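Every letter in the sequence shown is one number past the one before it in my numbering, and letter 49, counting from 1, is 49. Note that CB positions come from ideal geometry on N, CA and C, so glycine has one too. Bear in mind the structure is a predicted one, so any value in this text is a computation, not a measurement. Following: one structure in structure tokens, then a few remarks.
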Amino acid sequence: MKIKTNTVQDIFIQKLKETLPPSIGIAEEIAELLGISIDSAYRRIRGETDISINEIYTITKKHGISLDNIFSNLGDTVTFTYTKLTDSEVNFENYLKRLYGHTKALNSFVDRKLFYVAEELPIFYSFFDKQLTEFKLFYWQRSVLNIPQRQSQKFEFGIMDPKLVELAHNCYLEYKKVPSVEIWTEKTIFTVTKQLEFYLESGVFADKKDALTLIQKVRELSAMLSQNAEDSRKLKSDTGETYQLYSSDVVLGTNCIFLKTGDVSHAYISFNTMNSLNTSNNEFCEETEHWVKNIIKKSTLISGVAEKQRYQFFSKLNTAIDNCEKRLNSF
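What follows is the structure in structure tokens.
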């Protein structure tokens with residue numbers, strides 16, 4: 001049976017409406033993106049004028065609308081979007097811009113919530129402090145992306161482009177505004193402690209003192225997280241509960257972000273160490289949400305009134321940090 005074009009177009013327009021923040025009018029957004037008049041935009045919204053394939057591409061590219069949600073699922077096929085990350089600093093900057101743009105857009109919704117299953121240190125916390133940010137950016141460029149000019153360099157503060165450092169740190173500042181549920185294990189903190197030890201042992205630090213400075217930044221991060229968990233808030237100015245932290249004894253197996261904005265869901269699945277695949281496919285998001293909720297059921301809430309459990313969890317985290325500092329001093 002042939003589906004009428006305007007029926008598919010109606011579904012596309014509805015998806016765009018769900019994606020846009022309430023403060024942005026759909027006609028104005030379409031007109032600006034496509035370079036057409038408001039009247040022409042309304043004709044497309046009403047289905048009087050067909051939206052061309054090029055216009056669909058322009059709209060979906062900006063707003064990340066998954067076309068498999070428009071044309072329905074084809075068996076077990078799911079469409080993902082991602083930012084290319086190879087051996088290019090330009091691609092790396094685009095990755096940070098995408099991360100910042102997505103987080104900032106998320107904060108334009110009043111009804112929003114993010115779930116972060118963290119087998120490794122959540123990427124936003126890598127940017128908690130600008131010195132820690134410098135180290136993480138250098139590590140990714142040198143050891144993960146294999147950017148040529150980084151291979152012969154040793155790490156020292158000031159080596160990274162200040163523009164990238166500022167952009168990455170702004171990602172963290174936006175994340176602080178997002179109501180979140182995080183699921184950690186006792187080994188989540190090992191991501192950064194093992195990297196510090198590996199670089200110092202491999203002679204990548206220009207000065208050992210920089211490694212010791214960085215482990216203190218990790219200690220400050222732990223203290224900040226402990227306070228947030230105690231307050232159940234990410235910001236002191238938050239009026240309600242904006243932060244829940246769970247401790248999981250289950251091996252998580254991956255990093256995953258699941259977020260909801262009103263009736264729309266998105267899933268971000270990690271790959272290639274730091275990159276992520278993004279989809280709003282309904283079936284995939286429902287399965288992801290089900291998996292996240294199962295992880296939560298098997299985890300222990302350590303924020304809010306769970307003082308004993310919180311103390312035990314952060315004692316183990318801080319012991320791991322202490323042990324790392326001892327090993328750094330011994331090199």
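Item to check | Three-state secondary structure (DSSP) of Ala-306 | outcome: Coil at Ala-306, not helix or strand.
Checklist entry - With a CB to CB cut of under 6 Å and the five nearest residues on each side skipped, what residues in its chain are close to Glu-241? => result Ser-232.
Checklist entry - DSSP on Ser-40, reduced to helix/strand/coil? => result Looking at Ser-40 - three-state DSSP - the assignment turns out to be helix.
Item to check | For Tyr-139, the first and last residue of its enclosing beta strand (DSSP E) | outcome: Note, Tyr-139: premise wrong, no beta strand (DSSP E); alpha helix (DSSP H) at 130–139.
Checklist entry - Alpha carbon to alpha carbon, how far is Ser-126 from Leu-301? => result Our two residues, Ser-126 and Leu-301, have alpha carbons roughly 23 Å apart in a direct line.
Checklist entry - Per DSSP, what kind of secondary structure is Arg-219 in: helix, strand or coil? => result Helix.
Next on the checklist: What residue range does the alpha helix (DSSP H) around Tyr-199 cover?
Outcome noted: Counted as a single uninterrupted DSSP element, the alpha helix (DSSP H) harbouring Tyr-199 occupies residues 190–201.
Checklist entry - Buried or exposed: which applies to Lys-209, given that a residue is buried once 16 or more other Cβ atoms fall within 10 Å of its Cβ? => result Looking at its Cβ environment, which holds fewer than 16 other Cβ atoms inside 10 Å, Lys-209 is exposed.
Next on the checklist: Measuring straight from C-alpha to C-alpha, what distance separates Cys-171 and Thr-49?
Outcome noted: The alpha-carbon atoms of Cys-171 and Thr-49 are separated by roughly 39 Å.
Item to check | Residues near Leu-132 in its chain [Cβ-Cβ closer than 8 Å; skip 5 each side] | outcome: Excluding the 5 residues flanking it on each side, Leu-132 has same chain C-beta neighbours closer than 8 Å at Ser-126, Val-192, Leu-214, Lys-217, Val-218, Leu-221, in chain order.
Next on the checklist: Please report the distance separating the alpha-carbon of Phe-271 from that of Gly-203.
Outcome noted: Computed Cα separation, rounded: 28 Å.
Checklist entry - Smallest Cα separation from Ile-47: which of Ala-27, Lys-234, Glu-32, Glu-166? => result Per the sequence shown, residue 47 should be read as Gly rather than Ile. Checking every option, the nearest Cα to that of Gly-47 belongs to Ala-27.
Checklist entry - With burial defined as no fewer than 16 other Cβ atoms inside 10 Å of the residue's Cβ, what is the status of Phe-92: buried or exposed? => result Label assigned to Phe-92: buried.
Checklist entry - When you compare only the Cα positions, how much space is there between Ser-280 and Val-264? => result In a straight line, the C-alpha of Ser-280 is about 8 Å away from that of Val-264.
Next on the checklist: I need the DSSP call for Gln-151, collapsed to helix, strand or coil.
Outcome noted: Reduced to three states, the DSSP call for Gln-151 is coil.
Checklist entry - Under the three-state reduction of DSSP, which class applies to Arg-233: helix, strand or coil? => result If DSSP states are grouped into helix, strand and coil, Arg-233 belongs with coil.
Item to check | Reference Glu-287, options Ala-267, Thr-188, Phe-128, Asn-275, closest by Cα | outcome: Residue Ala-267 holds the alpha-carbon nearest to the alpha-carbon of Glu-287 among Ala-267, Thr-188, Phe-128, Asn-275.
Item to check | Glu-156, buried or exposed, once every other Cβ within 10 Å from all chains shown has been counted against 16 | outcome: By the neighbour-count definition (other C-beta atoms within 10 Å, threshold 16), Glu-156 is an exposed residue.
Checklist entry - Going by DSSP, which residues form a beta bridge with Tyr-116? => result Here Tyr-116 is bridged, per DSSP, to Glu-182, Ile-257.
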